[in-house]
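Each residue of the sequence shown is one higher than the one before, starting from 1 at the first, in UniProt numbering. By construction, the Cβ of each residue, glycine as well, lies at the ideal position given by its N, Cα and C atoms. Keep in mind the model is a prediction, meaning the values are calculated, not measured. Okay, so here's the structure we're looking at.
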Amino acid sequence: MRPADLNRLSVGESADRYVELVRAKTLTGALSTSTAEVYARDVATFVDLAGEEVVLDDLTGEDVDAVLLAFARKPDGRRRSQPGERAGASQSASSQARFRRSISALFKHAVLAGWVQVNPMAMATVTARERGGLRPERRALTREQARGLIGAARELGGGPGGGAAVAEAPAAGAGRVRRRDQHTELRDGLIVLMLSTMGPRVSELVRANVEDFYTNDGVRYWRIFGKGGKTRDVPLPDDVALVLEAYLLHGRMASADKALLLSWRGRRLARGDVQAVIDRVQRRVDPDSRRSVTPHGLRHTTATHLLADAVDMDAVRRVLGHSDLATLGRYRDELPGELEVAMRSHPLLRGPAQG
Numbered sequence: 001m002r003p004a005d006l007n008r009l010s011v012g013e014s015a016d017r018y019v020e021l022v023r024a025k026t027l028t029g030a031l032s033t034s035t036a037e038v039y040a041r042d043v044a045t046f047v048d049l050a051g052e053e054v055v056l057d058d059l060t061g062e063d064v065d066a067v068l069l070a071f072a073r074k075p076d077g078r079r080r081s082q083p084g085e086r087a088g089a090s091q092s093a094s095s096q097a098r099f100r101r102s103i104s105a106l107f108k109h110a111v112l113a114g115w116v117q118v119n120p121m122a123m124a125t126v127t128a129r130e131r132g133g134l135r136p137e138r139r140a141l142t143r144e145q146a147r148g149l150i151g152a153a154r155e156l157g158g159g160p161g162g163g164a165a166v167a168e169a170p171a172a173g174a175g176r177v178r179r180r181d182q183h184t185e186l187r188d189g190l191i192v193l194m195l196s197t198m199g200p201r202v203s204e205l206v207r208a209n210v211e212d213f214y215t216n217d218g219v220r221y222w223r224i225f226g227k228g229g230k231t232r233d234v235p236l237p238d239d240v241a242l243v244l245e246a247y248l249l250h251g252r253m254a255s256a257d258k259a260l261l262l263s264w265r266g267r268r269l270a271r272g273d274v275q276a277v278i279d280r281v282q283r284r285v286d287p288d289s290r291r292s293v294t295p296h297g298l299r300h301t302t303a304t305h306l307l308a309d310a311v312d313m314d315a316v317r318r319v320l321g322h323s324d325l326a327t328l329g330r331y332r333d334e335l336p337g338e339l340e341v342a343m344r345s346h347p348l349l350r351g352p353a354q355g
């Protein structure tokens, strides 16, 4: 028997109410706007796959399994197919895990709200894929690959070892004036340097404003506005701070927009534009040291190499903006030869002078 207060909402109705609640949480700072939109997008996909008119309480564990499998097979329009991969590749392991979390959150609320008697997620048998399924371009770059990319970015930024990247206007009669989108070398170098050495989320990077950068006791800081309304102040490495100053003086066009990173039209750079910037800088890297990588892969790169170099775990956590040390495990990738290096320089086998 169903309890008298059970509200037999359809999947579509329950999704609308839940998304309205999620978006309301952004007003209190409990959720960031970008996180709320991810939940809303996943719930909308769930409605399409489960059926808008189906009663939410009628869904079984088998129905949830069918939805999870259908999502896994769903082409990911944001991904470009890799060599040897069929066009319209299916969802990545991380996307499947995120979708599962979003739907679990919906059903947890449905139980509390009296929309379902039993949470069908508890009876689902389809398990999340292991992290080993993470696609290659989301993994950390090796030290050689990372140094190649950073070297190319330094050249664009006019940093140590690089040439001046400031584009000068041609003299009168010297030919056609180049479009403004061809004068973005400093910006591109800055973007890649920040992603590679500081590991921000791409949403944090494109949300950055000029006023978020300040100097204290001679050290340049970036006040990063992260998920859930949280902020963290991260010092910029010296090389990155130099490129930032060059960009603000010579590379950033005059604009009413307060955004740090501008498109050639003078508007805030979009998230989708960042991958194109990385790819453009990658083309300057020696092919032997080049490997396709996403902005999130550069976040992995920051965490992996800071931790591999024995930087304090809590400091790395604060740089990346995590509330829990355990989360770092998702960003720590294995590096070739690191176990051999660790055993060769074992702290308990060093002599007094080495110590």
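Every unbroken beta strand (DSSP E) inside the segment 177 to 248 [3 residues or more]:
Qualifying beta strand (DSSP E) stretches, in chain order: 213 to 216, 219 to 225 and 231 to 235.
Going by C-alpha to C-alpha distance, which of 113, 296 and 215 sits closest to residue 7?
Each of 113, 296 and 215 was checked against the Cα of residue 7, and the nearest Cα belongs to 113.
Restricting to Cα atoms, I'd like to know which of 297, 259, 5 and 250 is closest to residue 200.
Nearest C-alpha to residue 200: 297.
Assign residue 55 to one of three DSSP states: helix, strand, or coil.
DSSP places residue 55 in strand when its eight states are reduced to three.
Determine the closest residue to residue 192 out of 301, 46, 10 and 312, with distance taken between C-alpha atoms.
Distance check between residue 192 and each of 301, 46, 10 and 312 places 301 closest, using alpha-carbon atoms only.
So, for residue 369: in the same chain, excluding its five sequence neighbours on each side, which residues have a beta-carbon less than 6 Å away from its beta-carbon?
With the chain represented from 1 up to 355, any question about residue 369 goes unanswered, as that position is not in the structure.
Where residue 92 and residue 145 are concerned, what is the direct C-alpha to C-alpha distance, given to the nearest angstrom?
One C-alpha to the other measures close to 23 Å.
Count the other CB atoms, across all protein chains shown, that sit within 10 Å of the CB of residue 32; report buried if there are 16 or more and exposed otherwise.
Buried is the call here.
Starting from the C-beta of residue 9, find all residues in its chain whose C-beta is less than 6 Å away, skip the five residues before and the five after it, and write them out in chain order.
Only 56 and 115 meet the Cβ criterion.
For residue 291, three-class secondary structure by DSSP
Looking at residue 291 - three-state DSSP - the assignment turns out to be coil, as it is neither helix nor strand.
Identified DSSP bridge partners for residue 262:
Answer by DSSP bridge pairing, in chain order: 268.
Closest residue to residue 356 among 305, 271 and 150 (Cα-Cα distance)
The shown model of the chain, from 1 to 355, leaves out residue 356, and the question about it has no answer.
For my contact list, residue 224 and residue 231 are in at a C-beta cut-off of 8 Å; report their separation, rounded to the angstrom.
Confirmed, about 7 Å.
Do you know offhand how far residue 141's Cα is from residue 294's?
Rounded to whole angstroms, residue 141 to residue 294 spans 10 Å at the Cα level.
Taking the alpha carbon of residue 256 as the reference point, which residue from 250, 311, 268 and 247 has its own alpha carbon closest?
Closest option to residue 256, Cα to Cα, is 268.
Check the C-beta distance from residue 67 over to residue 46 and give it rounded, since I have them as a contact under 8 Å.
So it is a contact: roughly 6 Å between Cβ atoms.
For residue 283, count the other beta carbons within 10 Å of its own beta carbon; 16 or more makes it buried, fewer makes it exposed. Which is it?
Its Cβ having fewer than 16 others within 10 Å, residue 283 is exposed.
Determine the burial state of residue 189: buried for a count of at least 16 other Cβ atoms within 10 Å of its Cβ, exposed for fewer.
Answer is buried; the Cβ neighbour count reaches 16.
So, do the segment 104 to 111 and the segment 12 to 28 have three or more beta carbon pairs nearer to each other than 8 Å?
As far as the Cβ criterion goes, the segment 104 to 111 touches the segment 12 to 28, which means the pair count is three or higher.
Count the other CB atoms, across all protein chains shown, that sit within 10 Å of the CB of residue 120; report buried if there are 16 or more and exposed otherwise.
By the neighbour-count definition (other C-beta atoms within 10 Å, threshold 16), residue 120 is a buried residue.
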